[in-house]
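> First the structure, which I've put down as structure tokens, then a few questions once you've had a look.
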Amino acid sequence: MGLFGRNQMPVDGKTVLITGASEGMGRSAARLLAAQGANVIIVARNESRLAMAVAEIKAAAKNSSQRFHYVSADVSVHNYAQAVIENALAWNGGKPIDIVWCVAGMSTPMLWAEETNEVAMGASRRNLDVNYWGAAEMAHTILREWLRPDAGPYKEPRHLIFTASVLALYPVAGYATYTPSKWALRGLADTLTQEVMLYEQTNPVRVSVVYPGTILSPGFERETKTKPDVTIHLEKDDPQLTPDEVASKAIRGLQRGDHFVTVSMLGDVMRWGVQGGAPRNNWLLDTLGACLMSTVMIFVLWWFHGEIKSWGRKHGHPSTYKRKS
Numbered sequence: 001m002g003l004f005g006r007n008q009m010p011v012d013g014k015t016v017l018i019t020g021a022s023e024g025m026g027r028s029a030a031r032l033l034a035a036q037g038a039n040v041i042i043v044a045r046n047e048s049r050l051a052m053a054v055a056e057i058k059a060a061a062k063n064s065s066q067r068f069h070y071v072s073a074d075v076s077v078h079n080y081a082q083a084v085i086e087n088a089l090a091w092n093g094g095k096p097i098d099i100v101w102c103v104a105g106m107s108t109p110m111l112w113a114e115e116t117n118e119v120a121m122g123a124s125r126r127n128l129d130v131n132y133w134g135a136a137e138m139a140h141t142i143l144r145e146w147l148r149p150d151a152g153p154y155k156e157p158r159h160l161i162f163t164a165s166v167l168a169l170y171p172v173a174g175y176a177t178y179t180p181s182k183w184a185l186r187g188l189a190d191t192l193t194q195e196v197m198l199y200e201q202t203n204p205v206r207v208s209v210v211y212p213g214t215i216l217s218p219g220f221e222r223e224t225k226t227k228p229d230v231t232i233h234l235e236k237d238d239p240q241l242t243p244d245e246v247a248s249k250a251i252r253g254l255q256r257g258d259h260f261v262t263v264s265m266l267g268d269v270m271r272w273g274v275q276g277g278a279p280r281n282n283w284l285l286d287t288l289g290a291c292l293m294s295t296v297m298i299f300v301l302w303w304f305h306g307e308i309k310s311w312g313r314k315h316g317h318p319s320t321y322k323r324k325s
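Residue numbering for the sequence shown is 1 to 325, as defined by my numbering.
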């Protein structure tokens, strides 16, 4: 629950928007947050599943004053997020959305070079559209809303949460269509973590990334239809968690204040070995260097983040910065 037990993501009375919440991990997270007192907006494509999910989430509510809403939208459609946020704000009476959690995702495993260009590239683009661009568009839209000068000042941070995958920490053969979309999401999240520091004097925002592994969800059943046997073999010892287990562990990590939120010991090990599965140039030097940098990086981050925050204090809100053509 964070330093000295303090909850770093209180949700009682807050409004939370979750994409990909008509099933799986997103639906479980919405229900668990409702049980902690959150007002919840869920987003997905299938309207009938959304309606059933809202009924389930409402039944789990902590108290009768909570409110629930759904928005039907396809996260892979360009500029979808603007309409979703406008709808959510109107439903919320113009009050801000406190937490946005991008969960929507998909996976189409295959042996990349064994498929035609049309199949491999088509699946890769579809995975990027849903997993990366869907989250990126939502992140850009909500940050534009939270960080505009007249939105502040406010003291309690808004919270943007991305859902990546342990495959963004260590690759597995068979996921060439999927893994790059999650690595890109990790890169976006880590970069935005720095950028929002410029606004923390008036418009504080937290950015977190959840790295689940295998989730026994409808999405897992769909991906298994195309998953190569070698991939199934390589994953045979992976922890397989239910959506409720993953959502519960993720929420606990977020409430502790974690940035990299993993949900199993395997995820922790993969997080520690952030060089991932890339071959080493020199096993001895690279291993020693990784051990050294785990300590050095403490000071690098202290300095680098300090530079960003100092710039923000000195130059004010980024909306006042001179734009370069």
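Beta carbons: idealized from backbone N, C-alpha and C, even for Gly. Computed from a predicted model, the values in this text were never measured in an experiment.
Within the chosen definition, does the segment 59–68 reach the segment 116–127 through at least 3 CB pairs nearer than 8 Å?
no
> If you run the structure through DSSP and keep just helix, strand and coil, what is ASN39?
strand
> For VAL261 versus ALA250, is the C-beta distance shorter than 8 Å?
yes
> Taking all protein chains shown into account, do 16 or more other C-beta atoms lie within 10 angstroms of the C-beta of ASP150, making it buried, or fewer, making it exposed?
exposed
> Does the beta-carbon of LEU292 have 16 or more other beta-carbons within 10 angstroms, so that it is buried, or is it exposed?
LEU292 should be labelled exposed.
> Could you tell me whether the Cβ atoms of ILE97 and GLN194 are closer together than 8 Å?
Contact flag unset, no.
> DSSP has HIS159 in a bridge; who is on the other side?
ILE99 and ARG206
> Just reading off the beta strand (DSSP E) that VAL16 is part of, what are its end residues?
15–19
> Quick one: using the 10 Å Cβ neighbour count with 16 as the cut-off for buried, is ARG158 buried or exposed?
buried
> Find out if the Cβ-Cβ distance for the pair PRO239, TYR175 is shorter than 8 Å.
Not closer than 8 Å, so no.
> For PHE68 and ILE41, I'd like the C-alpha separation in whole angstroms.
Cα to Cα, the separation comes out at about 6 Å.
> May I have a chain-ordered list of the beta strand (DSSP E) segments no shorter than 3 residues that lie completely inside the segment 44–96?
Qualifying beta strand (DSSP E) stretches, in chain order: 68–72.
> Just confirm the distance between the C-beta atoms of ASN131 and GLY105, as a whole number of angstroms; I'd bet it's less than 8 Å.
5 Å
> If you measure between the beta carbons of VAL209 and HIS140, is that distance less than 8 Å?
no
> Spell out a yes or no on whether the segment 113–122 and the segment 71–87 are touching, meaning 3 or more CB-CB pairs, one atom from each, closer than 8 Å.
Taking one beta carbon from each stretch, the segment 113–122 and the segment 71–87 have fewer than 3 pairs nearer than 8 Å; the two do not touch.
> Run through DSSP, which three-state label would ILE166 get?
According to the sequence shown, residue 166 is Val rather than Ile. Helix.
> Go ahead and pull the three-state DSSP assignment for VAL261.
strand
> From MET9, THR179, LEU160 and PHE162, pick the residue whose C-alpha is nearest to that of ALA168; which is it?
THR179
> Nearest CA to the CA of GLN201: which residue from TYR211, THR295 and PRO318?
The candidate whose alpha carbon is nearest that of GLN201 is PRO318.
> Using the three-state DSSP reduction, which class does TYR321 fall into: helix, strand or coil?
DSSP places TYR321 outside both helix and strand once states are collapsed to three, so it counts as coil.
> Just mark THR15 as buried or exposed, buried being the case when its beta carbon has 16 or more other beta carbons within 10 Å.
buried
> Three-state secondary structure (DSSP) at TYR175?
strand
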